[in-house]
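Let me begin by presenting the structure, written as structure tokens, before commenting on it.
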Amino acid sequence: MQVDEEAVGPVLNRLRRAQGQLAGVIAMIEAGRDCKDVVTQLAAVSRALDRAGFKIVASGMRQCLAEAEQGGAPMSEAELEKLFLALA
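Just add 551 to wherever you are in the sequence shown, counting from 1, and you've got this note's numbering.
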């Protein structure tokens, strides 16, 4: 199963945003910035990664439903649960 074409753009944008934010966190730590500022920026990285992950899970669920409607082998409930728990 792959990330569907509709989701690829938003997922990549969120991952790139997280990558840039993470570079900012590293620079802040190296510069000796205030801990509160570092934690605030790190929280933004976490949100960007979470949003990308949820978009991927939603894409997988959409494919699962589409395949089931077309008579294909849908993703099992256990596989979907594993995807969701991986984000926790």
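All C-beta atoms, glycine included, are put in the ideal place defined by N, C-alpha and C.
For the pair P561 and A582, the Cα-to-Cα distance works out to about 31 Å. Contact between V596 and A569 is confirmed by a C-beta separation of about 5 Å, below the 8 Å threshold. Between the alpha carbons of C615 and R584 lies a distance of about 46 Å.
No Cβ-Cβ contact shorter than 7 Å links Q592 with G611. Excluding sequence positions up to five before and after Q572, its CB lies within less than 7 Å of the CB of Q592, A595, V596 and A599, all in the same chain and listed in chain order. R565 is positioned such that its CB atom lies closer than 7 Å to that of R602. Taking C-beta separations shorter than 8 Å and ignoring five residues to either side along the sequence, the partners of V589 in its chain run V576, M579 and I580, following chain order.
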